[in-house]
Amino acid sequence: MDECFKSNIDFECIRKRIIYEDSDLLVLDKQRGILVHGGKNSLDFLVNAYLLSQNLRSLSFKPSAVHRLDRNTSGIVIFAKNINTARKLSVAFSSGSIIKKYFAILLGEVKSTVVYKNHLFRNKRLKKTFVLEGKGDINAITKVSPILSSKRATLAEIVIETGFTHQIRSQCSFNNHPLINDKKYYDKFKKSDYFLHAFLVKFNGTFFKKNEFYSKPSLEFLKQVKDIFDVYEFSEFFK
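Structure (structure tokens):
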């Protein structure tokens with residue numbers, strides 16, 4: 001999507017990234033390397049420019065993503081087009097009425113499905129999330145299921161029941177399977193170039209006209225899978 005950022009915004013480029021759109025929602029397939037929020041080089045800026053160009057943005061409400069993905073996380077981002085939809089999305093995300101699934105490439109071999117239950121703490125100064133041991137109350141639940149694995153790495157499907165910032169990255173690292181090349185959470189890596197893809201968002205109930213969205217991993221993601229596992233296609237795991 002970085003090719004959309006030019007001296008003149010390429011609206012056709014944006015349209016190609018749209019998974020679904022109606023009068024309430026705009027669902028986009030975010031590429032790695034793009035911020036959801038953060039000025040003129042953000043997804044938020046692109047979406048608002050696109051909607052203004054189509055005369056689809058209300059002057060009284062600025063469309064925004066109720067949830068966000070990290071810069072290097074790709075996949076589904078949902079924007080609310082009006083205040084009522086924004087409120088619905090906020091309730092749905094905060095109440096756990098949404099299923100969110102990811103593909104991730106993890107360090108080491110995850111042999112069977114595991115569920116991480118931890119207490120997370122966000123250090124705003126360091127912009128990092130930590131697992132606090134010895135805390136009785138659990139505020140983060142992450143289910144990790146191996147799809148492909150070797151001694152070196154695991155391609156996993158990850159389901160999060162909660163929505164803590166950096167939840168997957170922090171919990172996987174704490175439980176000895178950090179995302180490969182996630183230097184922030186495993187300092188033995190020399191770079192921060194991890195692969196995490198949000199491939200499914202599903203609302204439990206009929207919140208909207210459409211309540212289930214899919215996003216296929218990028219060719220870049222598939223190349224990493226090919227390089228590590230010598231498998232290029234795993235579409236049977238998309239649903």
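Numbers 1 to 239, taken from UniProt numbering, label the letters of the sequence shown in order.
Backbone N, C-alpha and C define an ideal beta-carbon position, used for all residues, glycine too.
Because the structure is a prediction, the values reported are computed rather than measured.
Got a sec, what are the start and stop residues for the beta strand (DSSP E) D29 sits in? That run of the beta strand (DSSP E) goes L25 to K30.
Pick from S74, E220 and N55: whose alpha carbon is nearest that of L43? Here the closest residue by C-alpha is S74.
Own chain, CB closer than 7 Å to E157, minus 5 neighbours either side, in chain order: Short of 7 Å from the beta carbon of E157, and not among the five residues preceding or following it, lie these beta carbons of its own chain, in chain order: K101, F103, S145, I147 and F237.
Would T142 and I180 be called neighbours here (beta carbons separated by less than 8 Å)? Between T142 and I180, the C-beta gap is not smaller than 8 Å, which leaves the two residues out of contact.
Under 8 Å by Cβ, that's how I've got V110 and H177 pegged, so tell me the actual separation to the nearest angstrom. Sure, about 6 Å apart at Cβ, within 8 Å.
On the DSSP letters alone, give me the boundaries of the beta strand (DSSP E) that L196 sits inside. Where L196 is concerned, the enclosing beta strand (DSSP E) stretches over L196 to F203.
Nearest to T154 by CA position, among E133, H119, F130 and L196, is which residue? Ranking the options by Cα distance to T154, first place goes to L196.
Closer than 8 Å is the cut-off here; do at least three beta carbon pairs connect the region 209–219 with the region 70–84? In this structure the region 209–219 lies against the region 70–84, because at least three pairs of beta carbons, one per stretch, are closer than 8 Å.
Do the region 183–191 and the region 87–95 make contact, defined as three or more Cβ pairs closer than 8 Å? Output reads no: the region 87–95 does not touch the region 183–191.
6 Å Cβ shell around V27 - same chain, five flanking residues per side excluded: Hits under 6 Å: I19, Y20, I78 and F213.
Got a sec? Which residues, its chain only, sit under 6 Å from N118 by beta carbon, not counting five neighbours each side? Around N118, the same chain offers V131, A140 and Q171 as residues with beta carbons nearer than 6 Å, after the five sequence neighbours per side are excluded.
Extent of the continuous alpha helix (DSSP H) to which I168 belongs: I168 -> alpha helix (DSSP H) spans Q167 to F174.
Tell me the rounded alpha-carbon separation between R68 and K81. Cα-Cα distance, rounded: 16 Å.
Taking Cβ to Cβ, would you say S120 is nearer than 8 Å to F164? In the sequence as presented, Ser is not what sits at residue 120; that position holds Leu. L120 places its beta carbon less than 8 Å from that of F164.
Among D22, D29, F229 and I138, the one whose alpha carbon lies nearest that of K16: If we check each option's Cα against that of K16, D29 comes out closest.
Please classify T206: is it buried, with 16 or more other beta-carbons within 10 angstroms of its beta-carbon, or exposed? T206 should be labelled exposed.
Could you tell me which uninterrupted beta strand (DSSP E) segments, each at least 3 residues in length, are contained entirely in the region 69–133, listed from first to last along the chain? Fully enclosed beta strand (DSSP E) runs of 3 or longer: 73–80, 98–107, 114–118, 120–123 and 128–131.
According to the Cβ coordinates, are S97 and F203 closer than 8 Å? Closer than 8 Å, so yes.
Do you know how far the Cα of E220 is from the Cα of D227? Rounded to the nearest whole angstrom, the CA to CA distance from D227 to E220 is 11 Å.
Buried versus exposed, by CB contacts within 10 Å (16 or more), L51: Answer is buried; the Cβ neighbour count reaches 16.
How would you write the range of the alpha helix (DSSP H) that Y50 sits in, first residue to last? Under the DSSP assignment, Y50 falls in the alpha helix (DSSP H) whose first and last residues are L43 to S53.
For E12, which residues does DSSP report across the bridge? None, per the DSSP bridge assignment.
Grab the span of the alpha helix (DSSP H) containing K226 for me, first residue to last. Annotation for K226: the continuous alpha helix (DSSP H) segment containing it runs L219 to F229.
Measuring CA to CA, which of K209, N175 and V66 is closest to L106? It is N175.
If you reduce the DSSP assignment to three classes, tell me which class K143 lands in. Three-state DSSP puts K143 in a strand.
Closest by C-alpha distance to D10, when choosing among N41, L35 and D24: In this structure, N41 is the residue among N41, L35 and D24 with its C-alpha nearest to the C-alpha of D10.
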